[in-house]
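In terms of the working numbering, the sequence shown is residues 588 to 1141. Ideal Cβ placement from N, Cα and C applies to all residues, glycine included. Predicted model, so just to flag it, every value in this text is computed and none were measured. First the structure, in the form of structure tokens, and then the observations on it.
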Amino acid sequence: MASSPETLLILNAQVFTADAALPRAQAVGIQGNRIAFVGSNADAERWRTPGARVIDGQDCTLMPGIIDSHYHLFVGSMELGLLDLWNAASFAEVAEMISRHAAERPDEEGIHCVQMRYEILPEGGRLTRQHLDAILPDRSLTIMGYDHHNAWANTRALETAGALRGAPTGPNSEIVMAQDGTATGELVEPAAYCVVLRHFEGWGRTVKGLMGETAGKPRLNPERERTWLREGLKLTARYGITSVHNMDGDAEQAAFYAAMEAAGELTVRVNIPYSIFPSTQIKDLDEAVEMARQYQGGKIRSGRVKLFMDGVMEFRTALLLHDYADQPGWSGDALYSADHFNLLARECDARGLQITVHAIGDAAIRRTLDGYELARKVNGARDSRHRVEHVEQIHPDDLPRFAHLGVIASMQPFHSPITYPETHEVFPDRVGEARWHLSFAWQNVRGAGARLAFGSDWPVVTQDPFIGLHAAINRGPWKPGMVDQRQSLDDTLHSYTREGAYAEFQEEIKGQIRPGMLADLVLLTEDIHHTPHDRIKDVRAALTICDGRIVYQA
């Protein structure tokens, strides 16, 4: 639980304010939940009030609290209770980890795993239920791919779900079937894997978050959810994150956060959307409007909708303007036709809702921008700040449309292959070398005048913002002579602070360190402007302050 608000004075810091009027300072004073003073050490001593708690910044960076603009707080927290396979270097190591984990938990009904990277799949890149049966034949076993767009299940899990011989799914999703009429174990996209995972308590809130009411009635355990959400909040604070833009939500999830806030347990600000699915009806948008009315407080805010236009490049479910380089004749698919999305965009925009769309392929991005443009034409121009999430492959013709339409580009630096070709990743193979220069084109997007907000997409990858900073600053061209998309340190910090605030209409109250702003700050373990670029990933938060309260201290 966070400390009570008090008067704080941080001295001897390298203050990065993100405020163009006063970019640097030495000291910051806090009264209640607001910043009251920004300036020099000498001026701070004159401002200092009796009883103020003084914190020595030790010449380290003090900056606005990190705003993670793409986060799944509930989903990521729930998965802290599952087996994490991220560090497995081979599928043989995956098998060893699962066997050991299962042996230590003989009474659990099943074993459920997350964060398996695709480059360690068995030879040929296809994982089957038979592979999983060989590891754990007598209990259910499920594995989630790191990006949450693919999962796998063994025979027992498929039988438990009644899906061994297939089951209906939604668009752009598939329970992959073998020639003998049984499921192979591969479950492509959430609409397919939720058919299976909803039967297991460990996946309950993940299924609910990603598929909403379309997931049926997943098994939920509120006590387990509170336990792991507390752990997720601790991690969030430990990384210096003071605000998150959640990417799944509904009224039930918002009420859960509100209950935690009432109990004094909510240590981060949460911007929560209303999740839309292909089955969503126009009348269902009333819930989004009501959430926007009900949640406009300091800790919980709503007013957005979120939907998926396409899938991911790795499993060729992203929608492209061209064929996949390694699968000629196939350019992916979408969850929404142009007409369907145009209708939703017009109706959401007419209700004053901000629209957030997962769009990875260049055709998905174009379809999204087309819908935003049509909504503007029909409903009239307004400061809508609609968003495109990920923007992993973009056609040059669409770059200027972001600025023209006032659309936010919300991107996640650690999603990009950072060390390719030294370490192999499948993304470059999918798009082909001719389009590498259009991939994760952060500098192209920024150079076109777009507002660029950064985040993690936790739990797809770590929520550690310093890993994201490292990726943005250190990613080199995938081939000599190609466009360099690396970001400057200050631009990256702005995308994690004031640009994140702008993306949620909060730029006048947070995202910068200046008097009157909310007291959301993070003190780092060193002066990040003097940290060698190859060590940015090693920086840590020493102190996190949210709403004037210390929520983490190393």
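CB of residue i within 8 Å of CB of residue j, strictly
i	j	result
Leu609	Arg1101	yes
Ala750	Leu784	no
Ile653	Tyr1089	no
Met650	Val1109	yes
Val662	Gly796	yes
Thr604	Asp1114	no
Ser664	Trp790	no
Ala905	Gly948	yes
Ala912	Gly1019	yes
Ser866	Met878	no
Leu667	Met684	no
Val763	Ala754	no
Arg954	Met896	yes
His659	Met834	yes
Asp1016	Ser971	no
Ile622	Met1104	yes
Ala824	Val1138	yes
Phe1041	Lys1124	no
Ala631	Gly644	no
His1081	Asp1044	no
Asn858	Glu1091	yes
Gln980	Leu907	yes
Ala946	Pro1000	no
Ala1200	Glu874	No statement about residue 1200 is possible, as the shown extent of the chain runs from 588 to 1141 and does not include it.
Ala748	Val775	no
Buried versus exposed, by CB contacts within 10 Å (16 or more), residue i
i	result
Arg974	buried
Thr742	buried
Gly772	buried
Thr793	buried
Pro1046	buried
Val855	buried
Arg713	exposed
Pro860	buried
Ala1035	buried
Lys870	exposed
Thr1010	exposed
Ala744	buried
Pro805	buried
Residues bridged to residue i (per DSSP)
i	result
Ser1026	Gln980
Arg640	Leu595
Ala1128	Leu1111
Val857	Val831, Ile887
Gln1099	DSSP output for Gln1099 lists no bridge partner at all.
Ser997	Glu976, Ala1040
Asn737	Val775
Ala612	Val602
Met650	Val1109
Asp655	Val831
Val862	Strictly speaking, residue 862 in this sequence is Ser, with Val absent from that position. DSSP output for Ser862 lists Lys893 as bridge partner(s).
Val965	Val965 pairs with nothing; no bridge assigned.
Ala770	Met764
Gln618	Arg621
Rounded separation between residue i and residue j - CA only
i	j	result
Leu1149	Ile1005	Nothing can be reported for residue 1149: it is not among the residues displayed for the chain, which extend from 588 to 1141.
Pro777	His736	6 Å
Ala932	Leu961	8 Å
Val994	Arg726	47 Å
Ile942	Arg640	42 Å
Phe864	Gln1030	32 Å
Pro564	Thr1131	Summary: the structure shown does not reach residue 564, with the chain confined to residues 588 through 1141, and so no result is reported for it.
Cys700	Met731	6 Å
Phe1027	Pro693	44 Å
Pro1008	Glu691	38 Å
Gly1087	Ser677	37 Å
Gln613	Arg633	14 Å
Ile1060	Gln840	35 Å
Glu1095	Pro987	26 Å
Glu680	Ala1037	43 Å
Val625	Gln1050	29 Å
Asp1107	Arg1122	25 Å
Thr715	Ala740	8 Å
Asp910	Ser997	25 Å
Asp1077	Arg611	12 Å
Glu761	Tyr826	36 Å
Discussion item. So within the region 1029–1088, which uninterrupted alpha helix (DSSP H) runs reach at least 4 residues, ignoring any that extend past its ends?
Written reply: 1029–1034, 1052–1061, 1076–1082
Worksheet item: Mind pulling the beta strand (DSSP E) runs of 3 or more residues that sit fully within the region 677–729?
Response: 697–703
Item to complete: Note down, one range per segment and in chain order, each alpha helix (DSSP H) of at least 4 residues found wholly within the region 776–829.
Response: 777–784, 791–798, 809–825
Discussion item. At 4 residues or longer, what runs of the alpha helix (DSSP H) sit wholly inside the region 897–956?
Written reply: 925–937
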